[in-house]
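Peer 1: This structure is in structure tokens; I'll ask about it shortly.
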Amino acid sequence: AKRNGRNRHEHFTLAMDDVARSRRVIENDLREAISGRQLKLYYQPITNGDNKTIIGYEALMRWHHPIKGLIMPNDFIPIAEETGLIHMLGAFALYDACREAASWEGEQSVSVNLSPLQFKNSSLVSVVEGALQESGLNPSRLEVEITESVLLDDSLGNIRTLESLKALGVQIALDDFGTGYSSLSYLRSFPFDKIKIDKSFINDMGDSREALAIIRAITGMSRSLDIQITAEGVESSEQFAKLREEGCTLFQGYLFGRPQPSELRLKALS
Ligand code: C2E
Ligand code: CA
Ligand code: CA
Ligand code: CA
């Protein structure tokens, strides 16, 4: 039994070594990716449910690795956060998304995800300002998406940072609402322009009374606070119809369009 236990232990350390090694490889690759133009933003439409017009796009990052192929954000954003590379990556997203949106024919907005870690860098506001200046994009067409964890700990003055961003004219959305520590009281700490209901609730609402009840609570509250609600992860017309009934106004999901490179985005419009 003893021997068995040791073997298992060795297996465990080996596996840990593998994880650590592959993380280091990814970290090195990621440094090259940033300088080597392997990172690319894809754009997913956000649609007004009343008239089906596209009011904006969320920018979602993709990594085209020269050997491993397409890598999704959930597989590299956490590593970028652990290694501090998220600041470079985040600045790239802001600059690139603003430049891209400034070239669009229409007045659609562009939404950029901010990692909570970007709030630890005192230059966040000037990076956003730089992206707006360089692109000439009207600040009201830029939206940043933050998660509740940004509000959880205000020791760094995150609310003040949000106020500075707001003062630039940028829109602020609260992403993944309903997950995590979710407390309705967060909505009083800052005047958000938009709340995005996490796609797990949309996914479950067909067969979970709880999911539907939470969606109802969020839409009811948003009406009284006059905040717009985006439902994310809408995949079926049944979900769309039900969400409209519940008072959602903006929709994002495969039913309306998948994230695509901007070249294809244009093709879809024409
Ligand atoms: P998120 O901000 O919640 O983005 C929505 C995710 O849902 C995206 O996954 C999108 O492709 C996916 N999605 C959209 N519609 C549907 C649908 O109908 N069904 C399903 N099953 N999924 C749908 P993606 O692109 O893999 O991104 C994952 C997460 O990575 C994002 O979640 C966001 O937290 C993070 N992320 C992506 N790009 C960036 C970035 O530039 N910066 C930072 N900090 N995070 C990013
Ligand atoms: Ca988002
Ligand atoms: Ca989200
Ligand atoms: Ca999410």
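Counting from -2, one number per residue, gives the positions in the sequence shown under my numbering. Note that the Cβ used here is the ideal one computed from N, Cα and C, for glycine as well.
Count the other C-beta atoms from every protein chain shown that fall within 10 angstroms of the C-beta of R220, then say buried if there are 16 or more, exposed otherwise.
Peer 2: When all chains shown are included, R220 counts as exposed.
Peer 1: Return helix, strand or coil for N118, following the three-state DSSP convention.
Peer 2: Looking at N118 - three-state DSSP - the assignment turns out to be coil, as it is neither helix nor strand.
Peer 1: Indicate, with yes or no, if ligand 3 has a heavy atom lying under 8 angstroms from the CB of D201.
Peer 2: No.
Peer 1: Taking K193 as part of the beta strand (DSSP E), name the residues at either end of that continuous run.
Peer 2: Counting along the chain, the beta strand (DSSP E) containing K193 begins and ends at K191 to I194.
Peer 1: Under a three-way DSSP split, which group does K239 fall into?
Peer 2: Correct three-state label for K239: helix.
Peer 1: Tell me the DSSP bridge mates of E102?
Peer 2: Paired residues: none, contrary to the question.
Peer 1: Does the beta-carbon distance from L129 to L121 come in below 9 angstroms?
Peer 2: No, Cβ-Cβ distance for L129 and L121 is not below 9 angstroms.
Peer 1: Report, in whole angstroms, the separation of the C-beta atoms of E229 and L252, which I expect to be a contact under 8 angstroms.
Peer 2: Contact flag wrong, Cβ pair sits at about 11 angstroms.
Peer 1: Less than 9 angstroms between the C-beta atoms of N110 and L247, yes or no?
Peer 2: The answer is no: Cβ separation not under 9 angstroms.
Peer 1: State the Cα-Cα distance for the pair Y92 and V125, rounded to the nearest angstrom.
Peer 2: Each residue's alpha carbon lies about 8 angstroms from the other.
Peer 1: Starting from P188 and walking both ways along the alpha helix (DSSP H), at which residues does that stretch end?
Peer 2: First-last for P188: undefined, no H or E at that position.
Peer 1: Would you identify the three-state DSSP class for V147, choosing helix, strand or coil?
Peer 2: The answer is helix: DSSP assigns V147 an H, G or I state.
Peer 1: Tell me the rounded alpha-carbon separation between D172 and A90.
Peer 2: If I take the Cα positions, the gap works out to 17 angstroms.
Peer 1: Apart from the five residues just before and just after G166, which ones in its own chain have a Cβ nearer than 7 angstroms to its Cβ?
Peer 2: So the qualifying residues of the chain are P136 and S137.
Peer 1: Bridge partners of R59, per DSSP?
Peer 2: Per DSSP, K37.
Peer 1: Rounding to the nearest angstrom, what Cα-Cα distance links T227 and C245 in this structure?
Peer 2: In a straight line, the C-alpha of T227 is about 7 angstroms away from that of C245.
Peer 1: Using a Cβ-Cβ cut-off of 7 angstroms (strictly less than) and excluding sequence neighbours within five positions of L181, which residues of its own chain qualify?
Peer 2: M218, listed in sequence order.
Peer 1: Give every residue of the same chain whose Cβ lies closer than 7 angstroms to the Cβ of S146, excluding the five residues on either side of it in the sequence, and list them in chain order.
Peer 2: P113 and G177, listed in sequence order.
Peer 1: Starting from L171, trace the beta strand (DSSP E) both ways and give me its first and last residue.
Peer 2: Start and end: Q168 to F174.
Peer 1: Are the beta-carbon atoms belonging to L225 and I194 less than 9 angstroms from one another?
Peer 2: Here residue 225 turns out to be Gln, not Leu, going by the sequence shown. No, these two residues do not count as a Cβ contact at 9 angstroms.
Peer 1: From I156 to F187, what distance separates their C-alpha atoms?
Peer 2: When rounded, the distance between both Cα atoms is 7 angstroms.
Peer 1: Rounded C-beta distance between A56 and V107? I'm assuming under 8 angstroms.
Peer 2: Indeed they touch by this definition, with Cβ atoms about 6 angstroms apart.
Peer 1: My assumption, with CB atoms under 8 angstroms, is that I43 sits in contact with Q249. Please give the rounded CB distance.
Peer 2: 5 angstroms between Cβ atoms; contact.
Peer 1: Could you check what DSSP says for S112 in three-state terms: helix, strand or coil?
Peer 2: Three-state DSSP puts S112 in coil, outside helix and strand.
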